[in-house]
Amino acid sequence: MSTNRSTGYRETTDLLERAVTAMGGVKREGQVTMAEHVAMALRKRRHLLVQAGTGTGKSLAYLVPAVVHALEAEKPVLISTATLALQAQIMGRDLPRLLENIAEHVERPVDVALVKGRANYACKHKMDGGFPEDDDEQALFAFADEPTGGVTAFEPGSQLGKEIVALREWAQVTETGDRDDLPSGVTDRAWRQVSVNAVDCIGPRKCPMAAECFSERAREKAKDADLVITNHAMLAIDAFEGLDVLPDHDAVIVDEAHELADRVTSAVTAQLSAPMIKAAASSARRHTAINVEALQSSAVAVEAAFHRVDSGLLARGLNPQQREAVELARNAARTALSDSKPTGDAEADAGRSTARSRMQAVLDTANRILESPDTPDVVWLNRPGAFVPGRGYQEADLDESPLIYVAPTSVAGRLREGLFGDRTVVLTSATLTIGDSFDPVAGSLGLAGEKAPAWDAVDVGSPFDYPKQGVLYVAKHLPPPSMKTAQAQRDELAGLIEASKGATLALFSSRRAAEEAAEDLRQRLDIPILCQGDSTMSSLVRAFAEDEETCLFGTMSLWQGVDVPGRSCRLVAIDRIPFPRPDDPLVSARSQEVTKHGGNGFMQVAATHAATRLAQGAGRLIRTAEDKGVLAILDSRLATARYGGFLKQSMPDFWPTVNGDLARGALARLADKDS
């Protein structure tokens with residue numbers, strides 16, 4: 001392959017054919033068509049949307065033209081995935097197999113790098129004692145959904161102690177420091193003791209162990225790579241936050257692109273709370289010489305202003321007391337930052353750097369909340385409940401401090417300017433159309449309107465014979481799902497799992513439902529049941545794939561990217577139509593916006609969201625032309641509600657039934673076959 005030729009689809013097609021042949025595969029027209037379109041998009045620098053159904057061989061169809069383009073370009077090609085699980089699949093399976101089989105057909109080796117957020121890597125500075133023990137437990141949990149700042153005392157002989165000792169030993173021999181490379185999973189609590197989040201990291205210019213930092217080494221390697229594998233959150237931070245977390249690039253391939261808008265929204269969502277302000281004040285008090293009384297007082301003011309206020313969207317904005325409290329927090333954080341500016345050697349102090357990062361987070365979020373009436377941002381409160389084994393989720397206490405969130409109702413404008421403005425973007429997924437149209441997804445990504453850049457779209461279909469390979473069973477006899485009818489659903493699920501003798505991927509619309517179902521059915525069935533949160537996602541999926549009897553219960557992150565072909569997954573069960581929660585503040589705000597402009601808020605927002613997620617969940621069942629199985633929807637509304645037909649249009653065309661005996665009989669025959 002000549003490195004001075006322009007990238008063209010013929011060259012890509014030839015390399016794809018060689019790779020497929022070498023891997024023992026067969027030619028798939030959809031895969032070839034997709035590869036040709038991706039190659040042409042990269043060559044012409046024109047944005048492209050590709051819908052590629054399950055079985056197309058989507059990964060190879062974009063990886064091959066990406067390799068061809070990257071070898072001839074001066075900058076790397078970025079591959080962005082929705083989740084860490086998808087990253088692991090590409091890095092651990094798809095790319096190694098491809099590169100091994102095309103090595104003799106390219107002029108030089110292809111250099112690949114993986115870039116994740118800092119919290120996914122062990123922190124050598126922290127393990128070396130660089131981060132002080134945090135005596136304020138709130139500081140551990142105030143700044144992130146999966147916080148990592150501070151060090152907690154532990155008993156060396158306890159389970160936590162054993163895990164931390166094992167982690168420290170592993171950190172001495174690992175090349176990557178990546179949590180997904182652990183030989184066995186560890187709890188989130190143990191991992192927090194050896195890692196830091198982006199807020200608490202003191203940064204490479206200040207850290208004395210920057211040269212050994214796993215995260216920094218990954219980013220340095222990415223600068224010289226041909227392909228860089230990352231995720232949507234990192235892509236959003238790089239494009240919108242002005243942070244140098246990814247190497248310079250002019251081409252991006254976005255896999256599972258139906259998730260991009262939501263992932264970007266999540267990445268640019270910020271939160272503020274009284275405990276967060278108190279934690280910032282505590283850090284400042286311990287590690288700087290400044291007066292933190294104003295910061296502490298503002299935390300009290302925020303606590304009082306939002307005391308016993310219900311969770312949900314603040315549709316009318318902040319009341320005078322709430323606005324004054326947030327202003328106090330903003331002003332106190334600004335003053336504290338000014339007073340704590342480092343001098344001399346103080347800049348290298350980890351405690352001071354962490355304190356300043358926390359105060360900066362308070363300042364930035366308070367500013368966004370106060371400016372929200374004049375921006376696309378909306379503000380809402382949330383008091384999440386807690387899961388207690390044996391008792392399920394407990395209702396949130398109105399006396400507890402709420403989290404105050406601020407997020408944009410739409411990221412279309414930001415994506416249009418920050419992502420599509422100066423690079424070529426290829427977006428692909430098995431579910432990019434709603435009612436055979438790309439327009440809804442394109443609009444959510446900023447590709448609609450007069451200011452939108454030009455783009456092309458292609459649907460390459462799927463090679464599977466869905467009516468012969470799969471059964472769609474809708475449990476029409478069940479009452480509509482609710483907290484009161486959850487037991488009936490679990491009874492139905494138990495019967496299906498027993499008929500299937502395991503081999504079940506059970507997908508739930510909430511973490512609460514997944515954990516409660518796992519706890520219940522573990523007691524009732526003599527079948528191994530894994531649940532999201534028991535270990536890392538990659539470890540859980542690997543264990544599920546390796547043992548045919550094992551079941552895996554989980555939530556949205558399992559709805560896409562889990563690729564387990566064969567007998568290990570012959571039943572996919574979905575507990576309910578994955579509508580967003582009716583009290584979801586962003587959904588409410590978006591629906592109100594659609595209704596205000598004369599549209600149907602429910603169909604354009606909630607039903608469209610559900611259709612995409614339902615299609616993704618259904619797509620977990622049939623992964624190869626040999627796979628057979630049952631997709632069980634434990635939500636009777638799919639058969640009885642008027643919108644059921646709209647939702648079914650997005651799903652594979654399985655053979656439909658509402659007869660539970662028929663579904664269980666099919667599963668029993670599949671379980672006994674060749675056993």
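Residue numbering for the sequence shown follows UniProt numbering, beginning at 1 and increasing consecutively.
Note that CB positions come from ideal geometry on N, CA and C, so glycine has one too.
Cα-Cα separation, residue i to residue j
i: P109; j: A35; result: 21 Å
i: L670; j: I90; result: 30 Å
i: A233; j: V264; result: 6 Å
i: A325; j: P408; result: 22 Å
i: R323; j: Q592; result: 24 Å
i: residue 678; j: V228; result: As displayed, the chain neither begins before 1 nor continues past 675, which places residue 678 out of reach and without an answer.
i: V587; j: N600; result: 13 Å
i: residue 745; j: T428; result: In this structure the chain extends from 1 to 675, so residue 745 is not present and cannot be described.
i: A663; j: G554; result: 22 Å
i: R613; j: P656; result: 19 Å
i: T504; j: W559; result: 13 Å
i: I277; j: E293; result: 12 Å
i: E169; j: S372; result: 47 Å
i: G418; j: L63; result: 24 Å
i: Q604; j: V441; result: 11 Å
i: A452; j: L84; result: 30 Å
i: A236; j: R43; result: 24 Å
i: Q523; j: H125; result: 43 Å
i: G617; j: F508; result: 10 Å
i: H597; j: R576; result: 30 Å
i: G149; j: L295; result: For G149, the predicted model reports a pLDDT of 40, less than 50, meaning its position is unreliable and no value from the coordinates is stated.
i: A610; j: F602; result: 11 Å
i: M1; j: E74; result: Note on M1: pLDDT 38, under 50, position unreliable in the model; the coordinate value appears next. Looking at the two C-alpha atoms, the distance is approximately 17 Å.
Paired residues, beta bridge with residue i - DSSP
i: F553; result: A506, C531
i: W559; result: Bridge partners of W559: none, in fact.
i: residue 711; result: Limits of the chain in this structure are 1 at one end and 675 at the other, which puts residue 711 out of reach.
i: Y121; result: D178
i: G629; result: G470
i: V50; result: T428, V458
Span of the alpha helix (DSSP H) around residue i
i: S298; result: 293 to 305
i: T640; result: 637 to 640
i: H125; result: 124 to 127
i: S539; result: 537 to 546
i: P320; result: 320 to 339
i: D244; result: Element bounds for D244: n/a, residue is neither H nor E.
i: P656; result: Run containing P656: none in the alpha helix (DSSP H); it sits in the beta strand (DSSP E), 655 to 657.
i: S311; result: Here S311 belongs to no alpha helix (DSSP H), and DSSP marks it neither H nor E.
i: T424; result: Element bounds for T424: not the alpha helix (DSSP H) but the beta strand (DSSP E), 424 to 429.
i: I369; result: 350 to 371
For residue i, the nearest candidate out of the options (CA to CA)
i: A10; options: L521, V38, A350; result: The question names Ala, but residue 10 is Arg in the sequence shown. The shortest Cα separation from R10 among L521, V38, A350 belongs to V38.
i: L15; options: L60, S215, R524, H47; result: L60
i: R217; options: A236, P247, V194; result: P247
i: I529; options: I497, V186, V26, R511; result: I497
i: A366; options: M40, E293, E327; result: E327
i: T33; options: H69, S462, R286; result: S462
i: G470; options: E450, E212, G566, A454; result: G566
i: S266; options: S273, E371, S410; result: S410
i: I574; options: V112, E163, S510; result: S510
i: T12; options: H47, R423, G24, H69; result: H69
i: A257; options: S353, A279, A430, K162; result: A430
i: V300; options: A274, T608, R285, V474; result: A274
i: I622; options: D653, A22, R637; result: D653
i: V245; options: R219, A475, D364; result: R219
i: I102; options: D526, P76, A22, E175; result: A22
i: Q87; options: K673, P76, V77, L114; result: L114
Short Cβ contact (7 Å threshold) for residue i with residue j
i: A66; j: K58; result: no
i: V406; j: D377; result: yes
i: R311; j: N197; result: Checking the sequence, you will find Ser at residue 311 rather than Arg. No, these two residues do not count as a Cβ contact at 7 Å.
i: A545; j: S568; result: yes
i: A270; j: S298; result: no
i: G185; j: A122; result: no
i: G502; j: T550; result: yes
i: I202; j: S353; result: yes
i: D180; j: S538; result: yes
i: V254; j: K476; result: no
i: L571; j: G629; result: yes
Any non-hydrogen atom of the ligand HEM within 6 Å of residue i CB
i: S184; result: Absence of the ligand HEM is noted for the structure shown, with no ligands found whatsoever.
Residue range of the beta strand (DSSP E) that includes residue i
i: N231; result: 227 to 231
i: V572; result: 571 to 574
i: L78; result: 77 to 81
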